[in-house]
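A.B. asks: Each step along the first sequence adds one to the number in the numbering used here, with nothing skipped, and position 322 is 696.
All C-beta atoms, glycine included, are put in the ideal place defined by N, C-alpha and C.
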Amino acid sequence: MTIQLYNTLTQRKEVFTPINPDEVTMYVCGPTVYNFVHIGNARPVVIFDILFRLLQRHYPSVKYARNITDVDDKINAAAKANGETIAELSERYVQAYNQDMAQLNTQPPTLAPRATDNIDAMIQQIQALIERGHAYESEGHVLFQVSTDQEYGKLSHRKLDEMIAGASERVEEASYKREPADFVLWKPSTDDLPGWDSPWGRGRPGWHIECSAMINKHLANTIDIHGGGQDLIFPHHENEIAQGTCCHESGTEQFVRYWMHNGYLNIDGEKMSKSLGNFFTVRELLELWPGEVIRYALLTAHYRKPLDWTKDLLSSAKSSLDRLYGALRDAPVEIEPNLTHPALTELESHLQDDLAIPQVLAVLHTLAGDINKANGKEKRALQAVLRSAGGYVGLLDQDSDAWFKWQSGKQESGLSDADIDALIAERAQAKKDKNYARADEIRVELKNQGITLEDSREGTRWTRD
RNA sequence: GGCGCGGUAGCAAAGCGGUUAUGCACUGGAUUGCAAAUCCACGUAGGCCGGUUCGACUCCGGCCCGCGCCUCCA
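1) To the nearest angstrom, report how far apart D566 and L593 are at their CA atoms.
2) Restricting to runs no shorter than 4 residues, where is the alpha helix (DSSP H) found entirely within the segment 500-573?
3) Report yes or no: do three or more beta-carbon pairs, one from the segment 431-448 and one from the segment 468-486, lie closer than 8 Å?
4) Using 7 Å as the threshold, is the C-beta distance between P405 and G603 below it?
5) Taking the runs of the alpha helix (DSSP H) that are 4 residues or longer, which of them lie wholly in the segment 418-465?
6) Note down, one range per segment and in chain order, each beta strand (DSSP E) of at least 3 residues found wholly within the segment 571-611.
7) Secondary structure at E661, three-state DSSP: helix, strand or coil?
8) Once you ignore the five residues that flank H622 on each side, which residues in its own chain have a CB closer than 7 Å to its CB?
9) Give me the Cβ distance between Q519 and H508, rounded to the nearest whole Å; I'm assuming they're in contact under 8 Å.
10) For H600, which residues from the same chain have a beta carbon less than 6 Å from its beta carbon, with the 5 sequence-adjacent residues on both sides left out?
11) Taking the straight line between their C-alpha atoms, what separation do you get for D793 and Y471?
12) Can you give me the start and stop residues for the beta strand (DSSP E) that Y632 sits inside?
13) For H739, does the three-state DSSP call read helix, strand or coil?
14) Under the assumption that R427 contacts Y766 (Cβ atoms under 8 Å), give the Cβ distance between them as a whole number of angstroms.
15) Excluding the five sequence neighbours on either side, which residues of its own chain have a C-beta within less than 6 Å of the C-beta of F756, listed in chain order?
16) Rounded to whole angstroms, what is the Cα-Cα separation between D642 and Q803?
17) Determine, using beta carbons only, whether T443 and A489 come nearer to each other than 7 Å.
18) Which residues bound the alpha helix (DSSP H) around Q378?
19) What are the boundary residues of the alpha helix (DSSP H) that G750 is part of?
20) Determine contact between the segment 451-468 and the segment 387-401, defined as no fewer than three beta-carbon pairs at a distance below 8 Å.
21) Is it buried or exposed for N492, if we count other Cβ within 10 angstroms and need 16 for buried?
22) Answer yes or no: do C620 and L529 have a C-beta to C-beta separation smaller than 7 Å?
23) Nearest-angstrom Cα distance between A616 and D605?
24) Check the C-beta distance from H676 over to A730 and give it rounded, since I have them as a contact under 8 Å.
25) Specify, as a first and last residue, the run of the alpha helix (DSSP H) that T719 falls within.
26) So, at 8 Å on beta carbons, what are the nonlocal neighbours of Q726 in its own chain, with the 5 sequence-adjacent residues on each side left out?
27) Kindly examine the ligand SAH and report whether one of its heavy atoms sits closer than 6 Å to the Cβ of M496.
28) Quick one, are the C-beta atoms of P579 and M496 less than 7 Å apart?
29) If you drop the 5 nearest sequence neighbours on each side, which residues of the same chain put their C-beta closer than 6 Å to that of L673?
30) Go to G700, then tell me how far its alpha helix (DSSP H) extends in each direction, as first and last residue.
31) Taking buried to mean at least 16 other C-beta atoms within 10 Å of its own C-beta, is E644 buried or exposed?
32) What does a CB cutoff of less than 8 Å around H724 pick up in its chain, not counting 5 residues either side in sequence?
33) State buried or exposed for P888, treating a residue as buried only when at least 16 other CB atoms are found within 10 Å of its CB.
34) So N479 and D771 are supposed to be a Cβ contact under 8 Å. How far apart are they, rounded?
35) Can you check whether the CB of R817 is closer than 7 Å to the CB of L827?
36) Name the residue from H412, I607, T391 whose alpha carbon lies nearest to the alpha carbon of L650.
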């Protein structure tokens, strides 16, 4: 069975065949570090994490790069507002980003290049574009002349003249542009702004150049997969193609073979975005929910479809995970290597079919049902299968007991584990004395504090809501 | 105006030209000192109108509604 991926370029699912099966290359657009990221920013990270895991099972080496944009006007503005240096601010948010993404069980990428470490590569690429007649210098700016690229628009499936006609009010007209659609590769910096020396004076890069330059520098001239949110298709990725293709000798060498784009997160049916202000940061969500619940919630819809982000989605994700972890009671956390099982084969085939993750979740739940009906050796074996299955999508990697005892930042003022254990001990004695009134009283007391008790032959377990 | 996506049961969300998606919630039963967890039972859902077909949620056409992109954005 082969991996099939939906390619935005061709608008269809295609069989994935890497240029070099010994080393697959993937690049995903990372954050601009001027703030905590919102949950919409986390969706591609989680989605491409699952693709990364899938590719790693199929190929000996996968080079996955995710950039850090640490030069941007929004960073400059935020640093100024905070009275902080740009370096301090961006470093702080890089750390926060890495922590947040780790909380969502995402593996770190192979490479996390920063824009500010790759200015040379950008300048080189811009120079190549000028030499090849695709870019020009004007009033301290360097611009890409879109009309020199016959292929421009092939990713977003638009024609240049239609774009301009439709967007005439929004396209920035500037004296230094030859044509309105031309976009900035390099712009001049004033003394109070970050800047680098260049053949065109002290300045800083435009938005799009960092990705194409870093891809060429750190991965290859042609890479296998490039991912990001659907809102990056135009202009960002379209411009990357223009830069990454036109800068090379042939001018036709393919830049990226498979373009993948995830759908948006919506709030009340509308796109979540920083500019609209209708967003939740991953930080604040992690105060209220385990990272795994957030991850699960992000996986409930197919990656190319919009996903409505609601409280119900999260509590439903929590309940769903409760069921899965319930089936993993007393099971070891370690994943058994090289396990084979029809359910794993089925799950793998869903993932290979353009990441059909909702169907993977269905397989997980079917397994959980089977486990709950099984006993002894069979049950143990199925639990190992479920652990493995979870690993395919970055779920179910913690101890079941720890899962059920998870405490949010907001709950920390409540009962401690020791308090709870003490009350349970008291209740056990009461039960032994057939003092059921007192036993029930303790249970109600705990229930009011969000603690649910479960009696069994082996003793009493408890879970936090 | 151009390009694109979607409308499935109370909610969320998939596959599929004919046979249970799945989860959450609800209800009844088993189990339990009472609970919880678990198991069993329980939903002919597919925006509207045509067409193709022996048969359509699935394919085709039209319409209605919602959303996105069209140079800040994941």
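C.D. replies: Per the coordinate set shown:
1) Their Cα atoms are separated by approximately 33 Å.
2) Look at the segment 500-573 and you find these whole runs of alpha helix (DSSP H), each 4 residues long or longer: 534-540.
3) As far as the Cβ criterion goes, the segment 431-448 touches the segment 468-486, which means the pair count is three or higher.
4) In this structure, P405 keeps its C-beta atom at 7 Å or more from the C-beta atom of G603.
5) Taken in chain order, the complete alpha helix (DSSP H) segments of 4 residues or longer contained in the segment 418-465 are 447-456.
6) Runs of the beta strand (DSSP E) lying entirely within the segment 571-611, each at least 3 residues long, are 577-579, 597-603 in chain order.
7) Here E661 sits in helix by DSSP.
8) Correct list, in chain order: N595.
9) Their Cβ separation, rounded to whole angstroms, is 6 Å, which keeps Q519 and H508 in contact under 8 Å.
10) Closer than 6 Å at Cβ, skipping near neighbours: Y401, V630, W633.
11) Rounded to whole angstroms, D793 and Y471 show a C-alpha spacing of 35 Å.
12) First-last of the beta strand (DSSP E) with Y632: 630-636.
13) In the structure shown, the three-state DSSP call for H739 is helix.
14) Between Y766 and R427 the Cβ distance is about 6 Å, and since that is below 8 Å, they are a contact.
15) In the sequence as presented, Phe is not what sits at residue 756; that position holds Leu. Answer for L756: D744, I745, A748, listed in chain order.
16) The C-alpha of D642 lies about 51 Å from the C-alpha of Q803.
17) Cβ distance < 7 Å, so T443 and A489 count as in contact.
18) Run containing Q378: none in the alpha helix (DSSP H); it sits in the beta strand (DSSP E), 378-381.
19) Run containing G750: 750-766, per the alpha helix (DSSP H) assignment.
20) No contact exists between the segment 451-468 and the segment 387-401.
21) By the neighbour-count rule (16 or more Cβ atoms within 10 Å), N492 is buried.
22) No, these two residues do not count as a Cβ contact at 7 Å.
23) Rounded to the nearest angstrom, the gap between the Cα atoms of A616 and D605 is 17 Å.
24) Sure, about 7 Å apart at Cβ, within 8 Å.
25) Per DSSP, T719 belongs to the alpha helix (DSSP H) from 716-726.
26) The beta carbon of Q726 is closer than 8 Å to those of M375, T376, I377, Q378, L428 in its chain, skipping five residues each way along the sequence.
27) What this structure holds is no ligand at all, so the ligand SAH is not there to describe.
28) A contact, by the Cβ cut-off of 7 Å.
29) Sequence-distant Cβ neighbours of L673 in its own chain, meaning closer than 6 Å and more than five residues away, are I731.
30) 685-701 is the extent of the alpha helix (DSSP H) around G700.
31) Residue burial is scored here from C-beta neighbours: E644 has fewer than 16 other C-beta atoms within 10 angstroms and is therefore classed as exposed.
32) So the list reads A730, I731, Q733, V734, V737, once near-sequence residues are dropped.
33) With the chain covering only 375 through 839, there is no way to say anything about residue 888.
34) Going by Cβ atoms, the distance from N479 to D771 rounds to 7 Å, so yes, they are a contact pair.
35) Yes; because the gap between Cβ atoms is below 7 Å, this pair is in contact.
36) Nearest to L650 by alpha-carbon distance, out of H412, I607, T391, is H412.
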